[in-house]
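Counting in the working numbering, the sequence shown runs from 22 upward without gaps. Only one structure is covered here, and it is reproduced in the block below.
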Amino acid sequence: MELDPATLSPREAYQLLITSIVPRPIAFVSTISPQGLTNAAPFSFFTALNARPALLAFSVISPGGVEKDTLRNIRATRDFVINIVSEELADAMNTASGDFAADVSEIDLTGLTALPGVKVKAPWIAESPVSMECRLTQIVEISDSFVSIIMGEAVLFHIRDGIYHDGRLDEMQVRAIGALGTNSYCRSDATFGLVRPTIRPPQPSR
Numbered sequence: 022m023e024l025d026p027a028t029l030s031p032r033e034a035y036q037l038l039i040t041s042i043v044p045r046p047i048a049f050v051s052t053i054s055p056q057g058l059t060n061a062a063p064f065s066f067f068t069a070l071n072a073r074p075a076l077l078a079f080s081v082i083s084p085g086g087v088e089k090d091t092l093r094n095i096r097a098t099r100d101f102v103i104n105i106v107s108e109e110l111a112d113a114m115n116t117a118s119g120d121f122a123a124d125v126s127e128i129d130l131t132g133l134t135a136l137p138g139v140k141v142k143a144p145w146i147a148e149s150p151v152s153m154e155c156r157l158t159q160i161v162e163i164s165d166s167f168v169s170i171i172m173g174e175a176v177l178f179h180i181r182d183g184i185y186h187d188g189r190l191d192e193m194q195v196r197a198i199g200a201l202g203t204n205s206y207c208r209s210d211a212t213f214g215l216v217r218p219t220i221r222p223p224q225p226s227r
C-alpha cells in the first residue's frame with residue numbers, strides 16, 4: 022500500500038502521522054502572559070535537539086492562523102517551562118488540552134500547583150516529576166500550515182527528590198506517559214534493554 026500525503030485531507034494526514042510516529046513524548050508547556058495569567062497546554066510534537074546547550078523543540082498548530090495562548094505568551098515573554106507528564110498528571114494534562122478562553126488559567130482549572138520560575142518568568146508545575154525552565158532561542162514559522170516550531174534552551178531543571186541517581190533519572194520512577202493516536206496513550210513501565218554495539222576501527226596491518 023502506498024499513500025501520497027498530497028492526496029490526503031489535512032485531518033487524514035494528521036491522523037496518519039500521529040498513529041505512525043509513536044509513542045510521542047508530551048511537553049506540558051506552562052507560560053505566563055504579560056498580564057500575569059498562567060497557562061498550560063500539552064504538545065506531542067516535541068523532542069530534544071541537543072545536550073549542550075540543552076535545546077528542546079515543540080510545535081504549535083494555530084488553526085486558521087489564530088494563535089494559541091502558549092505561542093502568544095512565549096512571543097511576549099521569551100520563555101516557557103516544559104513539564105514532563107507522568108501517569109499522575111494524565112487527567113490534568115488532558116483537561117488542559119481543551120480550547121479554553123484566554124482568560125482561563127488551565128493550571129488553576131486543573132488544581133495543579135504553579136511555582137515561580139527561578140531563571141524564567143513562566144511558572145513550573147510542582148506535580149511534574151521533571152520541569153525544564155527554557156529561554157526562547159527561535160521560532161520557525163511555516164505559514165502555509167499555520168505551524169510554529171518553538172525552540173528553547175533549558176536553563177534549569179526541577180527534579181523530584183529521589184528519582185535522580187548517578188547522573189541520570191530513573192525512568193521507572195518518572196513514569197512518563199506517551200501519546201499514541203488521538204485518544205490513546207501508553208505507559209513507560211514495560212521496557213527492555215539493548216546494548217549498543219561497539220565498532221572497533223580497523224587495525225593497521227603489520
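A virtual CB, placed ideally from N, CA and C, is assigned to each residue, including glycine.
Residue i lies in the alpha helix (DSSP H); which residues open and close that run?
| i | result |
| --- | --- |
| Asn-204 | Element bounds for Asn-204: n/a, residue is neither H nor E. |
Is residue i helix, strand or coil by DSSP?
| i | result |
| --- | --- |
| Arg-189 | strand |
| Ser-166 | helix |
| Ala-111 | helix |
| Leu-130 | helix |
| Ala-197 | strand |
| Leu-92 | helix |
| Ala-135 | strand |
| Ala-97 | helix |
| Ala-117 | helix |
| Leu-177 | strand |
| Ile-171 | strand |
| Ile-146 | strand |
Just reading off the beta strand (DSSP E) that residue i is part of, what are its end residues?
| i | result |
| --- | --- |
| Thr-158 | 151-163 |
| Ile-105 | 100-105 |
Am I right that residue i and residue j are in contact with their C-beta atoms under 8 angstroms? What's the rounded C-beta distance?
| i | j | result |
| --- | --- | --- |
| Phe-6 | Ile-42 | What the structure shows of the chain is the stretch from 22 to 227, and residue 6 is not part of that stretch, so it cannot be assessed. |
| Val-151 | Leu-110 | Not really, about 11 angstroms apart at Cβ, beyond 8 angstroms. |
If you scan the region 22-89 from start to end, which runs of the alpha helix (DSSP H) of 4 or more residues do you find wholly inside it? Here the runs fully enclosed are 31-41.
Below 8 angstroms, how does it come out for the region 162-178 and the region 90-105: are there three or more Cβ pairs, yes or no? Yes, the region 162-178 is in contact with the region 90-105.
Looking at C-beta atoms only, is the number of pairs between the region 133-146 and the region 97-108 that lie closer than 8 angstroms three or more? Contact holds: three or more Cβ-Cβ distances are below 8 angstroms.
With three or more C-beta pairs closer than 8 angstroms as the rule, is the region 49-66 touching the region 178-198? Verdict: no, contact absent.
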